[in-house]
Every structure is written in C-alpha cells, then in structure tokens.
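Numbering (this note's numbering), first residue to last: 11 to 195.
Right under this line is the structure:
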C-alpha cells in the first residue's frame, strides 16, 4: 500500500508527462507510479520512444502491472505532433486527468546578445509554444467534465540558466512569480 498522502485521489487517473525520457520527467513518472501502484495510467511522451519503453519496463518492475504505461513519441516543438497526440491515443488513455508540461531544452551556450536566432527559435518552439499547444490539446477533455470541468496542469520550469548568487533569492522569486502568473492566465 502506498504511503503517499492523498494517493487514493490518483486511483484510476490518466496522467500525461511530456519530456518523460530523462531528468525531472522521468522522475515524475516514477513518483506518480509509486504514489498509486494500485492503479493509474501513465502516458510517457518524449522524442526518444526507445528510452520511454525502457522506463516503462523499469516502472513495471518496481511497482507491478496495475500501473498501465503507454510510451508515446512526441516532439512538443511540432504543432502537428501535438495536434495528433490526443486523437492517436488508444481510447483507454484519452480521458486525461493530469497534464505535466515538462518538456524543455536549452540550445547552445551563448549568452545574450550572442544567442543564435536558430537556437532561440528551437527553444521557444519547445519551451513556450509546445507548452501552450499541449495545454490547448488537453483542455477540451477537462472542459467536457461535469460541473464546469476538471483536471490538473503542472507546468515545470527551470532556472538552470540563471547564474548562481547565494545571497540573492530574487531570481527564484521572480521565476516563481512569473510561473504563477502564467498558470493563472
């Protein structure tokens, strides 16, 4: 039995995690499975489907097969991939309850004003447009539910590119404030 508080609320839920092939996305998949090993559905989405298949096997090995896992190749920088994402899911995985917008990347190491335009385009398509498009793809599912709709969206952000200053917490505060403002919009 799970020791996670509130884990019973996850029972039977379908959770989509973008960028699930590594890092926070991979860890998030494991934590959801550990939180409710008695049964939920995970849709693991990323560009590297072979890695997702390995992660699915690892999760099943750890928590058992009551957690149903569907690895799906998805490039969130591709509007067409996202448009086809929900319609191409097997029926049992289409009733999405939670979207974890985790996919993101940093391209190159240049600092402004020397960042290549191509790198900016790739980062924006993944980190901003991809998040918005995924949210728009899933919102109609949430809105169809009774009482005005329901569902949860978790947007994962990073401050990896902010230089460390041990005495200044303002970048963290600004990042969180901006994320909250985006989430409320």
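Quick reminder that beta carbons are idealized off the backbone N, C-alpha and C, glycines included.
The beta carbon of residue 50 sits closer than 7 Å to those of 20, 21, 22, 23, 25, 42 and 77, all from its chain and outside the five residues before and after it, given in chain order. By the neighbour-count criterion, in which a residue is buried when 16 or more other Cβ atoms sit within 10 angstroms of its Cβ, residue 73 is buried. Per DSSP, the beta bridge partners of residue 56 are 83. Counted as a single uninterrupted DSSP element, the alpha helix (DSSP H) harbouring residue 38 occupies residues 33-45.
Inter-residue distance for residue 29 and residue 57 is about 8 Å (C-alpha atoms, whole angstroms).
Scanning 119, 168 and 40 for the CA closest to the CA of residue 70 turns up 40. The Cβ neighbour count for residue 134, taken over all protein chains shown within 10 Å, is under 16; the residue is labelled exposed.
Looking from the CA of residue 149, the closest CA among 124, 106, 90 and 130 belongs to 106.
Ranked by Cα distance from residue 59, the options 44, 67, 84 and 168 are led by 84.
For residue 130, the three-state secondary structure derived from DSSP is helix.
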